[in-house]
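Let me begin by presenting the structure, written as structure tokens, before commenting on it.
Protein chains: 2
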Amino acid sequence: MKLSMLHTPTLKEAPKDAEIPSHKLLVRGGYIRKEAAGIYTYLPLAVLVLKKIERIVCEELDRAGAQQVLLPTVQPSELWQESGRWEQYGPELLRFVDRKNTEFCYAPTAEELIVSMVRRDVQSYRQLPLNLYQVQTKFRDEIRPRAGLMRGREFIMKDGYSFDVDEDAASKTYDAMYDAYHRIFQRCGLDFRPVEADTGAIGGSRSHEFQVLADTGEDRIVSCDQCGYTANVEKAELRRSTANPERIAQGEAALERVETPGQKTIEDVATFLKVKKKKVLKSVLFESDKGLVMALIRGDHELNEVKLKAALKTTHLALKTDGDLDSEDGSLVPGYMGPVGLPADLPITIVADDSVRTMADFICGGNAKDVHYIGANWARDAVLMETHDLRVAGNRDACGRCNGTFRFFRGIEVGHVFFLGTKYSEPMRCMYLDQDGQEHPMVMGCYGIGITRIMAAAIEQNNDQYGIQWPVPLAPYEAAVIALNYDDPQIGAAADGVYTALRASGIETVLDDRDVRPGGKFNDADLIGFPYHIVIGSRGIQEGIAEVKCRKTGERSKISLETVADHVAGLVAAERRPSADETSV
Amino acid sequence: MKLSMLHTPTLKEAPKDAEIPSHKLLVRGGYIRKEAAGIYTYLPLAVLVLKKIERIVCEELDRAGAQQVLLPTVQPSELWQESGRWEQYGPELLRFVDRKNTEFCYAPTAEELIVSMVRRDVQSYRQLPLNLYQVQTKFRDEIRPRAGLMRGREFIMKDGYSFDVDEDAASKTYDAMYDAYHRIFQRCGLDFRPVEADTGAIGGSRSHEFQVLADTGEDRIVSCDQCGYTANVEKAELRRSTANPERIAQGEAALERVETPGQKTIEDVATFLKVKKKKVLKSVLFESDKGLVMALIRGDHELNEVKLKAALKTTHLALKTDGDLDSEDGSLVPGYMGPVGLPADLPITIVADDSVRTMADFICGGNAKDVHYIGANWARDAVLMETHDLRVAGNRDACGRCNGTFRFFRGIEVGHVFFLGTKYSEPMRCMYLDQDGQEHPMVMGCYGIGITRIMAAAIEQNNDQYGIQWPVPLAPYEAAVIALNYDDPQIGAAADGVYTALRASGIETVLDDRDVRPGGKFNDADLIGFPYHIVIGSRGIQEGIAEVKCRKTGERSKISLETVADHVAGLVAAERRPSADETSV
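If you read the protein sequences in the order shown, they are chains A and B.
Numbering of the first sequence is given in this note's numbering, commencing with residue 360 and proceeding in unit increments.
Numbering of the second sequence is given in this note's numbering, commencing with residue 360 and proceeding in unit increments.
Now the structure itself:
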């Protein structure tokens, strides 16, 4: 494709509401345009990227035995009423009536419709397993659409649903989908992690999120450098040392009360007393259905309420904030609380994180305004009862599954595999008859991939101040021939030659033949993010060379005009991620 | 793909509301399922067909210089208000509000959105021409969805829009799109005709419909066997013989009044008087803004109101029916009208079709209840003024553009190219600056293809009492290996061998490995419509042969097991329609 013919209106300025790189660069690079809040048009370059993603997704799902279908976007309310989601789903479900006043919605997912379809056509165990997916536009009426394609309202999702005879069979399907997802994101050329995810309301079920790693990601995850165990920081299990629970550290300092006027946060106290935050004990007060709870944790750690609830065996927990502490004798002073010197008869449960066991000569609140203790130690100054894993996992924490160490990442969820069980098949009566004529509900799984979101996530992971750095498998074009002055017959001819040779080698190539100054051409190529740039100018022509630039590394090399097409074709081929089928041919 | 793994739930019975073959066969063959009126799910076989159609469409449009984009389905009302279509479009436009009460619609077409996009990003003649298209789900809230995919509510359409600097340039784009459409339907393997279409409200503009020929089509067209001129029967120009207008036939019979009690229609009168319908003159009464009009036409012809309006230079024309004839003297009797013996002072305009000139000794109404004239002749019995082309064209009519003869067809509109001019660009201010800095509205064209409709139209054209007869380019699989008893090790091995060999030759093949009786397998293969069936049974194995059946012709041949895969691969290859690009490789 010649750039002069390609509709890719690049912009100098990003839109004012754009905060993250993918949003800015997709608009600036001429990939997308906003039509309404959370609703975008995809321009030609974006369509090329989306088609590549879709192709990879479909190929790998087909290979894993799934079959592609296409379900309507406009779905009758009756089905949603049957599953109960018509009531449960809030205003994010876009609802409307047709000309005959029948209620419909624009589907954000399709569990109801697929179940209705399968129960109609599948009656026997002989017809199972069945694994169906679609790539279809979805709508979710987000209250605050933001971050460009990250949280849009209209988006393209691959959603898949599997039907099996029992949990074992469904588990195998789950594993097959997990593996397929692995291959999909690998073939996209992305750095990602499958992450054990919270199963929410459905206890005991399995669920993994596939997270693309990027500093701008909303999700925080840790991954073990040894066993690969990866989880959301709030779910990640930390190592419960066998030694630690026995050993309680003891220091040598004497307990002392010090004035800390106005120093209420851990940050404040550590700075004021010139110590590291890990020397300060953090005490956080909660109201629970079992009364007041004081949770203790090291100053540099983050308390994990999910784990705290589990430790307390409660589902109700509310943080007590400054205004509403209610100890009658005034011993609980916001910002100055601690386990030392608390009245023995104060009705409060104290619960501590494992890590506070190793704190000695520590600092904690003085249970009086503007006062802290220093040189505090367990046993001597306060009783330390049983401790728990109460922390949000962080970088360099100990893995709960092996002897490895966690590394911290931020991630963007691009895929989700979920073991549904009979959540939909039971209420919606999606049943089959087994060999003995006995009726059972089908056991389901569901599997989502955000097609448009992958495009944005790939950019979050691959960009610099100049623009996008596409991984080769997702790039709209793999190489760009930049003719510095295309109208010069020598340059034009050389550029045409390289362009033609690259295309003949099967490399998706653009030729920048525009009447634009060199700076503008370089900027656009960097912004749009073509993986390889071949620059052809008059100086190079005289030397018989072209300059090749790798967008990702910035490496530049001079290659003879005769061999440059072969050279770049080799570089591109090395970064392609063919499907296993293609490899084997 | 093994049929045992393919989700294609075939049915013995068609749904009760299905009237046309494509609707019946798509449901029975396990291609589609109805989810609500005019809203369908596409099962795996249908998705395979749709992907093939989409691929052909995209390849040919890309080759013609168009670029693929993707526009949102949910579009803000503001844009539609700008073009005026928010008011003009009736209840077929599905409208709704989002959670913030902002008005949107589910787009049935996208002129407004594309114009809004182009005017934002394109300002200069340097950025033109621009030709953008998308393949996207559309919604049209039909009052009476029917005929399966033919007139559904949610459907997939390719819609394209071109922007040019002036009418000449836009005309070239129109021609390029016309050619691309030609190639598209050719590559789909369909028998079709481009048909000159009515341009409706926009006078003087060009418009062609692409019609797939099928006896069940809603549209009636004629096509000249010599010059190829093809048009809707209502638009088709008939030959105005240079001789005929001069010559008025004269017969020899005497004028006579005969009793024709209760014989009001042409059919009735012809039967009653034992003559052909072409001997009876049909007289049809209209009310127009120029008073009463009596149109005369031969009894076997169909009056064309579009042409009649043009001949009368009027836009208002209403058929006068039995109840409301208003000649005061009672001379105009429903069912018994005619030009003979009308009172000279009756305020009525008589207008006649060219063909009545050659009528002699004809029959016409007696202008009295239960009476007709026989043996009527022009001049002697009634004055024949100027005549016109007032007929709906029919089979064997004379072509208006050459000496050829029309053939009549029924067709299904699957594509439409339309020269829009500045209908949208002027009111919506989609302007560009020319080389001299002068502002002009862009000149537009729009181009639609019904992707889901092509699937149905292909079936209307290619089916028999047993099922679908897919043209190879659209078939979900090109060949089916039917193992009569797959569990028999010899048959299983032979079938596997042929299946593997076909796939290795690049033939899209299914293997019927199901535990189903031979009759069921044959029925399903015929119903689903695989173009070639290779039957492998125990008798054939003993003879070392397989039976090959061509679904379209029904031809069967016995081919040795060793060569059958190559043989079928050759047959399939001969019916594929590669793109020009592929051919040249």
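The beta-carbon is built from N, C-alpha and C at its ideal position, and this holds for glycine as well.
Residue range G650 to R657 is occupied by the beta strand (DSSP E) that includes M653(B).
The three-state reading of DSSP puts C761(A) in coil, since its state is none of H, G, I, E or B. L644(A) sits in a strand when the DSSP states are folded into three classes. C-alpha of A719(B) to C-alpha of R910(B): approximately 52 Å in a straight line. For a cut-off of 8 Å, the C-beta gap from V894(B) to L843(B) is around 7 Å, short enough to register as a contact. In chain order, L453 and D500 make up the part of chain A whose C-beta sits under 7 Å from the C-beta of D457(B).
In this structure, Q493(A) lies away from L453(A), with their beta-carbon atoms at least 8 Å apart.
Taking 9 Å as the Cβ-Cβ cut-off, the stretch 387–405 of chain A approaches chain B at G389, R392, E394, A395, A396, I398, Y399, T400, Y401, L402, P403 and A405, given in chain order. Using a Cβ-Cβ cut-off of 7 Å, H382(B) is close to nothing in chain A; its nearest Cβ partner there is about 17 Å away. By the rule that beta-carbons nearer than 8 Å mark a contact, L491(A) touches chain B. Counting only residues of its own chain and dropping the five nearest sequence neighbours on each side, G763(B) has a CB closer than 6 Å to the CB of C583, D584, Q585 and C586. In the three-state DSSP reduction, H675(A) falls in the coil class, being neither helix nor strand.
When DSSP assignments are scanned along the stretch 534–617 of chain B, the uninterrupted stretches of beta strand (DSSP E) that are 3 or more residues long and fall wholly within it turn out to be 551–555, 566–572, 578–583 and 589–591. Using a 10 angstroms sphere on the CB of P830(A), the tally of other CB atoms reaches 16 or more, which defines it as buried. T811(A) and R769(A) have their C-alpha atoms spaced approximately 19 Å apart. In this structure, P890(B) is the residue among H660(B), E470(B), E921(B) and P890(B) with its C-alpha nearest to the C-alpha of K908(B).
Q434(B) and L491(B) do not touch by the CB rule: their CB atoms are close to 16 Å apart, not below 8 Å. Contact between M653(B) and I709(B) is confirmed by a C-beta separation of about 5 Å, below the 8 Å threshold. Straight through space, the alpha carbons of G507(A) and D480(B) are spaced by roughly 19 Å. Checking the DSSP bridge columns, you'll see E906(A) partnered with V894(A) and K917(A). Apart from sequence neighbours up to five positions away, the residues of its chain that approach L438(B) with a beta-carbon distance below 7 Å are E471, L472 and S475, ordered along the chain.
Excluding sequence positions up to five before and after V406(A), its CB lies less than 6 Å from no other CB in the same chain.
The beta-carbon of M814(A) is placed no less than 8 Å from the nearest beta-carbon of chain B.
One Cα belongs to P403(B), the other to T367(B), and the distance between them is close to 7 Å. Between the beta-carbon of V628(B) and that of H731(B) there is about 6 Å, and that keeps the pair under the 8 Å contact cut. Contact between R616(A) and G725(A) holds: their C-beta atoms lie close to 6 Å from each other, under 8 Å. I841(A) and L870(A) have their alpha carbons spaced roughly 6 Å apart.
Excluding five sequence positions before and after M814(B), the CB atoms of its chain that fall closer than 6 Å to its own CB belong to V408, given in chain order. Among the residues facing chain B, P835(A) is not included, as its CB has no counterpart in that chain under 8 Å away. Taking C-beta atoms under 8 Å as the contact rule, C547(A) and I415(A) qualify, at a distance of about 6 Å.
Residue contact check for H366(A) against chain B: a CB pair falls below 8 Å.
With contacts defined by Cβ atoms closer than 8 Å, Y836(B) and E867(B) form a contacting pair. Of all residues in the stretch 420–432 of chain A, the ones placed with a Cβ closer than 8 Å to any Cβ belonging to chain B are G424, Q426, Q427, V428, L429, L430, P431 and T432, in chain order.
Between the C-alpha atoms of V592(A) and A933(B) there is a straight-line separation of about 60 Å.
By a beta-carbon distance limit of 8 Å, S381(A) contacts M509(A). Their separation comes to about 7 Å. In this structure, the CA atom of G899(A) is about 19 Å from the CA atom of L861(A).
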